[in-house]
Amino acid sequence: KPGPDSIGIVAVGHGCDGAAARACSLVGMESSRVADILKDRPGWFCDFRRMEILGAFTTSSGATVELLYSQMYSPTTLTQARDFCTLRYTSVLEDRNLVVCERSLNLGMVPPNEGFVRAEMLSSGYLIRPCGGVGSIVYIVDHMDLEAGRAPEVLRPMYESSAILAQKMTIAALRHLRSLAQEAAGEVVTGGTLQPAALRALSLRIARSFNDAINSFPEDGWFSVASDGMDDISISLNSSWSPRTVGLKCSSSNNLWSDGDGGVLCAKASMLLQNVPPAVLIRFLREHRSEWADWADCEHDVSCSATLRTRVYGAAALAGAELGRREVPMPLAHSEHQEIMELVKFEGYDSARDGALVSKEMYLLQLCNGIDETAIGDCAQLVFAPVDGALSDDIPLLPSGFRVIPLDTGFMDGYGPSCTLDLASMLESGSDMEAAKTETGISANNLRSIVTIAFQFGYDTHNCDSVSVAARKYMRTVVASVQRVAMAIAPRVGSTLGLRNLSGTTEVLTLVKRIVGSYRINFGMDLLRKQPSNNEELFKMVWHHSDAVICCTCKSLPEFIFANEAALDMLETTSGGLQDLRWDQTLDETEKKNAYSDITKVMQQGFAYLPAGIRLSSMGRPVAYERA
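According to the working numbering, the sequence shown is numbered sequentially starting from 1354.
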C-alpha cells in the first residue's frame, strides 16, 4: 500500500480507499512476544474500547483463525463511534517470519451495535522477522475505511486522513513496543514510586476513561438530559457510578457527598477553531490553568460557584483553595514523543465552618500528550482526574479535559510536511506566491481543528438539577475561555496565512496601492522606505510594515476591510475575523467622543493627525498608541 508522503519512517497513503499507513522498525523483542502485544490492541491503543473473539480454530498447518468484534471510540461528541467485524489469521511461515493478517467480513450475523457505525478494515496486519539475537524487524500496515460519509461534512477529514491514522495507530504501536523494550532493558527512569508498567497502565486508563466520558455509552449506564436550548452543551448522567461504587475515598470534611444515592454528571461540548495549532493550544491550557479553571468566573454567579466547589467530583481539585493557592507539578513520566504524566499538587487555605482558615491539599493526576508541534496529524489532549496523595495503579479515575484534533494535516491534499513546516521562510524567500499556494494546497480554510471538552461532576439525588444548571454555566465559561485563548493564539498563525491568501487578489492589491498613494499625496512623504519592484513586493512591504495600517469604508459606521500584520496583532484578530469586528467595539468612551469629529476632519481635508490614545482589541484589552 504505497503512498507518496511520509511521517518519519511511516509511509501514509494518498488517493487510496479510506486511510492507510505503513511502517517498518527494529524492536529489541522476540517475534512471538511482539505479535502477542500487537494483537492485544486494547492493551495499547486507547481509542479501542473493546475487542471480543467470537470464535477461533487452528488449521492443520498450525495457523490460527479468529473472528473478532471490535469497537472504536468516537474522538468527539459530534460523531458516532465505529465498530468492526474482522477475520484475523496468524501463522509462522517457513522462513520463521510471523505474519498476522486482518480484514473485515460482511456478516449479517454480526450487525453493528446501536449507536455505532460499521466501519471496514481493509487488508492490515503485521509481518515480524526475527533478527539474529537483537530483536525483530516489524512491518505494520493499517488500512481502514471509517465511513467518513457518515460524519458531518466539516469533520470528514478526521476520518479520511492517513496522517491522523498513522499517528493514532501505526506510530502508537511502534512507540508502545519501543517503550516495552526500553523498560525490559532498564532504560526508563520515572519520578515517584510507581514502576513504568504501572504508569503506562495509568496513562491508558485515564485516556480511555476520558473517551468513556466523551462517548457516554448507554450500556455503561449513561443517559442524556434534555438541552436548555441555549447552546450545544450536552449533559449526560450516570447513576450507576458513585464514590461507593468506584471506591473513591472521600473525606467527610470535603462535604462532597451526602449519605444519599448519587452519581456522575458529564458536561460536554465541541467547537471548531481556525488557525490554532492543537499543540500550542493544549500547551497553553496546561501552563495557564487560571485562564480557564477559575470558578469565580462562572458568570459571577455565587450559587453556581458554590455548588460546583462543594459538589464537583471529576474536577474538584481544579478550584484549589480560596486563598493563597499554589500549584506544584510533580513529574511522573516524560516520554521522548512529548507525552507528560504528572501529579499536580494544589496547596492553599480554605474556609472552615467557623470562619477560620485551614490548610488544604488536593491532587490531580494529569496526562498531556500531542504537544510536539512538528508531529503532522497528531491530536493533542490535556486530561486530568482528582486523586488522593497515595497514588496507585488501581485508583478510580473519573477524568475531565480537552482534546484538539487537526482537520487539515496537508496529506489530505497530497503535500508533505516539508512543504508546510515553515511557511514564513517560503514567504520571505520571494518565491512566487501562487506557485507556492498551488504546491502546498494551503487555503484560508486550512489549519482547522475540532476541540472537544468534557468535565465530570458528582451529584446527589436531591441536588442533581442544581448541579446540572451549575455545570452548564461553568462549561460556558470554559468554552468562552478557550475561544479567547484561541483568538490570542490565532493571529500569529493566521496573519501568515492571510498574507498568502490576500496577496494574489486584484482588489487587495488595488487597495494597497491607493493607501500608499494617498499617504504620499496628503502627507508629502512615502509610507514605504524604498520603492517596490512589483505588486507582490509592494503588498509584502505594507503587510510587514512596523506600523499598524488599518483601512475602513466610511458608512453610517466605519467598517474594517483591511489590516496589515501589525494591526491584526494590535486588534488581536485575524484577516478572516476582521470583518466581524465592529469599529465602535475598538473605542473606549473617551475615544468615542472624539471619533466622529476626527472622521469629519478627514472627510473635509483628506487627512488628520491624532494624538496618543487607546484602542480596544477584539478581546476588550486596551492597546496604547503614540500617534496616528
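The beta-carbon is built from N, C-alpha and C at its ideal position, and this holds for glycine as well.
All figures in this text were calculated on a predicted structure; none of them were measured in a lab.
Restricting attention to 1962, 1624, 1873, 1590, the CA atom closest to the CA of residue 1809 is found in 1590. Under the criterion of beta carbons closer than 8 Å, residue 1971 and residue 1926 qualify as touching, at roughly 4 Å. In the pairwise beta carbon analysis, the stretch 1469-1488 is classified as touching the stretch 1362-1379: at least three pairs are separated by under 8 Å. Within a 10 Å sphere around the beta-carbon of residue 1520 sit 16 or more other beta-carbons, which makes this residue buried.
Exposure of residue 1577 is indicated by the presence of fewer than 16 other C-beta atoms within 10 angstroms of its C-beta. Around residue 1460, the same chain offers 1438 as residues with beta carbons nearer than 7 Å, after the five sequence neighbours per side are excluded. Of the residues assessed, residue 1548 falls on the exposed side of the cut-off, its CB having fewer than 16 other CB atoms within 10 angstroms. Cβ-Cβ distances below 8 Å link residue 1508 to 1429, 1431, 1432, 1760, 1803 in the same chain, with the five nearest sequence neighbours on each side left out; the list follows chain order. Beta-bridge annotation (DSSP): residue 1813 is paired with 1615. The continuous stretches of beta strand (DSSP E) do not include residue 1592, and DSSP gives it neither H nor E.
Of the candidates 1450, 1867, 1719, the residue whose Cα lies closest to the Cα of residue 1905 is 1867. Classified as buried, residue 1628 has 16 or more neighbouring CB atoms from the shown chains inside 10 Å of its CB. Under the rule that a run must span 3 or more residues, the beta strand (DSSP E) segments found entirely inside the stretch 1482-1542 read 1489-1498. Runs of the beta strand (DSSP E) lying entirely within the stretch 1880-1924, each at least 3 residues long, are 1903-1906, 1912-1916 in chain order. Here residue 1398 carries a coil assignment [DSSP, helix/strand/coil]. Measuring C-alpha to C-alpha distances from residue 1407 to each of 1419, 1399, 1557 identifies 1419 as the nearest.
Counting only residues of its own chain and dropping the five nearest sequence neighbours on each side, residue 1556 has a CB closer than 7 Å to the CB of 1694, 1720.
Nearest C-alpha to residue 1741 among 1757, 1716, 1416: 1716. Annotation: residue 1548 is outside any alpha helix (DSSP H) and is labelled neither H nor E by DSSP. Residue 1501 holds the alpha-carbon nearest to the alpha-carbon of residue 1515 among 1528, 1501, 1506.
Closest by C-alpha distance to residue 1571, out of 1614, 1530, 1468, is 1468. Spanning the alpha carbons of residue 1942 and residue 1524 requires a straight line of approximately 55 Å. In the three-state reduction of the DSSP assignment, residue 1553 falls in the helix class, which pools H, G and I. Around the CB of residue 1930, 16 or more other CB atoms lie within 10 Å, so the residue is classed as buried. Distances from the alpha-carbon of residue 1403 to those of 1411, 1413, 1427, 1386 put 1427 closest.
A Cβ-Cβ contact shorter than 8 Å links residue 1734 with residue 1635. Residue 1573 has its alpha-carbon roughly 21 Å from the corresponding atom of residue 1805. Distance between residue 1685 and residue 1839, taken at the CA atoms: about 29 Å. Annotation: residue 1646 to residue 1698 spans about 15 Å, alpha carbon to alpha carbon. Secondary structure of residue 1629 (DSSP, three-state): coil. Put simply, the backbone Cα of residue 1962 is about 25 Å away from that of residue 1891. Here the alpha carbons of residue 1411 and residue 1751 stand approximately 41 Å from one another. Under DSSP, residue 1967 takes part in a beta bridge, and its partners are 1977. By the neighbour-count criterion, in which a residue is buried when 16 or more other Cβ atoms sit within 10 angstroms of its Cβ, residue 1827 is buried. Cβ contact annotation for residue 1979 (same chain, cutoff 7 Å, sequence separation greater than five): 1965, in chain order. Judged by DSSP in its simplified three-state form, residue 1424 adopts strand.
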